[in-house]
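>
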Amino acid sequence: MSRRRVALFTVVVVVIAAVAAAVGWFVWPRDSDFEKAAALLPDDTLRVTWTDWERVRDEVGDSDVYTAATDRDLSVSSLAGSADDIEAQLGFDPLDADWELLGHSREGMVVVVKLPGDLDDVASAFKGAGYTEPSSKRMDGAVWEGGPDVLASLGLTNNELQSVAFVEEEGLLVGSDSATYLRSAMKTVTGDEDGLDVTPLTDPLEDDPLDATVFLEDYACEALSMSQADEATQTVADGLVDDAGGVSPLKGYLVALSADEQLSVVFRFADDDQAERNASSRGSLATAEDPGQMVAYSDVFSDPTTEADDADVVLTATALRDGYPMANLAAGPVLLATC
C-alpha cells in the first residue's frame, strides 16, 4: 500500500472514530437498538430493563397501549404507570417514546428515553415545573436539577426523574435519582467514557426484543436468589435443583419477549463446559413448579427448548397469555435462575 493510501486510510479511520465517539448512541459494531441503547449506560450497571415502545405500539395495534402492553407483559417501563401525570407536569408522554431504558448500579440509577419531536418544549416544561436550568449546554448534556421536593410538588413518585439532562441532537432525555450520578453517567451518554456491553447476552437472540430485563455479571445470583424465600420454600427448591442434576452459578441472565410471544432466556456461565452441563439441568427446571414464584412454568410458557451456545445456555419458548414471564422470571426469587 502506498504512503498516500496509508495516510488516506488513517484519516478515514480517525474520522469514523471521532463520529462514533460524538454520542454513545452510535457505538459500533452493536447492531440492535437495544444493544446501542444499553451502551449509553455506565459500564458498572448491574440490571437493565428495556421497552421498545415503537415496536410495542406496532404489536398491540389499535388497542390502548398501556393496557395492552401490561396485559401481555410487553413493557418493563418504570415510567408508563405515571404516563398521564408525567405528560401533564413535564411535557412528554413515555408511551409515545421510541424506547425506554433503565439501568441500576450500586451507585445509582439512570433512565434514558428516546423521544420524538422537539425536546425544547419538553425542557421548557421541566423549567416551568421548578427544575434549575444549567447555565450552559442546557440541551447538550448538562444536568437540570430538581430533587425530591420538586418531584413531590408535582405529585410524581418517579425518582429517576429527580434530575435530568437532554441530548437534543439525538432526542434523548436522561434522568436519575442523583444529580451527582447523572453527571457521571452523562460522560457515557456523550461518548467520553465506554458504556455497557450487553452483547454477550444478546448475541444468541434470534430477534430484537420488545422488552427485556438483563442482569450483568453475577448480580442475578443476588437479586433472584432463593435465599429471599422462607426455609420451607428453599428446601423444596434445593430438592428440585438436585433432581435436575445441579446447576452452576450465573455470570449473566437475560429474559426477553419478542414479537409473536417469543420468549428467550439466556443464561451465561464461566465457560463452555458449565454451559453444556446446565443446558440439561436448566431445561429440566423449566418444566418444574417454581416454589418461589408459586407458579408452574407450564402456566408461564409452552414448548421450552434449551441449547448450549458457547458459554451461554439459551432457552426459547412461547409465552402464554396471562403467564407474565417478565414478572415471573425476572423478579426474585426465581427457581430457573438458581445459582
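Counting with the numbering used here, you get residues 61 to 399 for the letters of the sequence shown. In this text, a Cβ means the ideal position worked out from N, Cα and C, and glycines have one as well. All figures in this text were calculated on a predicted structure; none of them were measured in a lab.
Going by CA-CA distance only, name the one from C399, D332, K311 and D382 that's closest to G345.
Note that residue 345 is Leu in the sequence shown here, rather than Gly. Taking only the C-alpha atoms, the option nearest L345 is C399.
> Whose C-beta lies closer than 7 Å to the C-beta of F327 among residues of the same chain, with five residues either side of it excluded?
Hits under 7 Å: L310, Y313, N338, R342, D372 and V373.
> Less than 8 Å separating the beta-carbons of D133 and A387?
Yes.
> Do A379 and R107 count as a contact pair if the criterion is CB distance below 8 Å?
No. Outside cutoff.
> Does the stretch 240-252 touch the stretch 221-230, meaning 3 or more C-beta pairs lie closer than 8 Å?
Counting Cβ pairs under 8 Å, three or more are found: they touch.
> Figure out for me which residue from P269, G151, T192 and A189 has the closest Cα to the Cα of W407.
The first residue shown for the chain is 61 and the last is 399, placing residue 407 beyond what the model contains.
> Please go through the same chain and pick out, in chain order, the residues whose beta-carbon is closer than 7 Å to the beta-carbon of K281, but skip the five residues on each side of it.
Looking at the sequence provided, one finds Cys at residue 281 rather than Lys. P309, L310 and C399.
> With contact counted as at least three CB pairs below 8 Å, one residue from each stretch, are the stretch 93-109 and the stretch 248-261 in contact?
Yes, the stretch 93-109 is in contact with the stretch 248-261.
> So for R64, helix, strand or coil by DSSP?
Below a pLDDT of 50, predicted positions are generally treated as unreliable, and R64, at 38, falls in that range; the measurement from the model is reported next regardless. R64 falls in the helix class under three-state DSSP.
> Report buried or exposed for A82, applying the criterion of at least 16 other Cβ atoms within 10 angstroms of its Cβ.
Model confidence at A82 stands at a pLDDT of 43, short of 50, so the residue's coordinates are unreliable and nothing is read from them.
> Look up P102 in the DSSP assignment and say whether it is helix, strand or coil.
Residue state, collapsed to three classes: strand.
> Taking DSSP as the reference, what is the three-state secondary structure of E336?
Helix.
> With DSSP run on the structure shown, which of helix, strand or coil describes Q322?
Residue state, collapsed to three classes: strand.
> Assuming contact is defined by CB atoms lying nearer than 8 Å, are E220 and W204 in contact in what I supplied?
Contact flag unset, no.
> Check this for me: beta carbons of V170 and D271, under 8 Å apart or not?
No, Cβ-Cβ distance for V170 and D271 is not below 8 Å.
> Under 8 Å: do the stretch 352-362 and the stretch 285-295 share three or more Cβ pairs, one atom per stretch?
The stretch 352-362 vs the stretch 285-295: in contact.
> To the nearest whole angstrom, what separates the beta carbons of D181 and G151, a pair I think is in contact under 8 Å?
With a Cβ gap of about 6 Å, D181 and G151 count as contacting.
> Excluding sequence positions up to five away, which residues of its chain have a Cβ less than 6 Å from the Cβ of T273?
Within the same chain, T273 has close Cβ partners T109, V136, V315 and A390.
> When burial is assigned at 16 or more other CB atoms within 10 Å of the CB, is D331 buried or exposed?
Classification for D331: exposed.
> Considering only residues of the same chain and omitting the five flanking positions on each side of G235, which have a CB-CB separation below 6 Å?
Same-chain partners within the cutoff: V171, E220, L221 and V224.
> Determine the contact status of D369 and P264, defining contact as a CB-CB distance below 8 Å.
In contact: D369 and P264 (Cβ atoms closer than 8 Å).
> Report all residues from its chain with a CB closer than 7 Å to the CB of A348; omit the five preceding and five following residues, and keep chain order.
Result list for A348: L300, Y357 and L395, in chain order.
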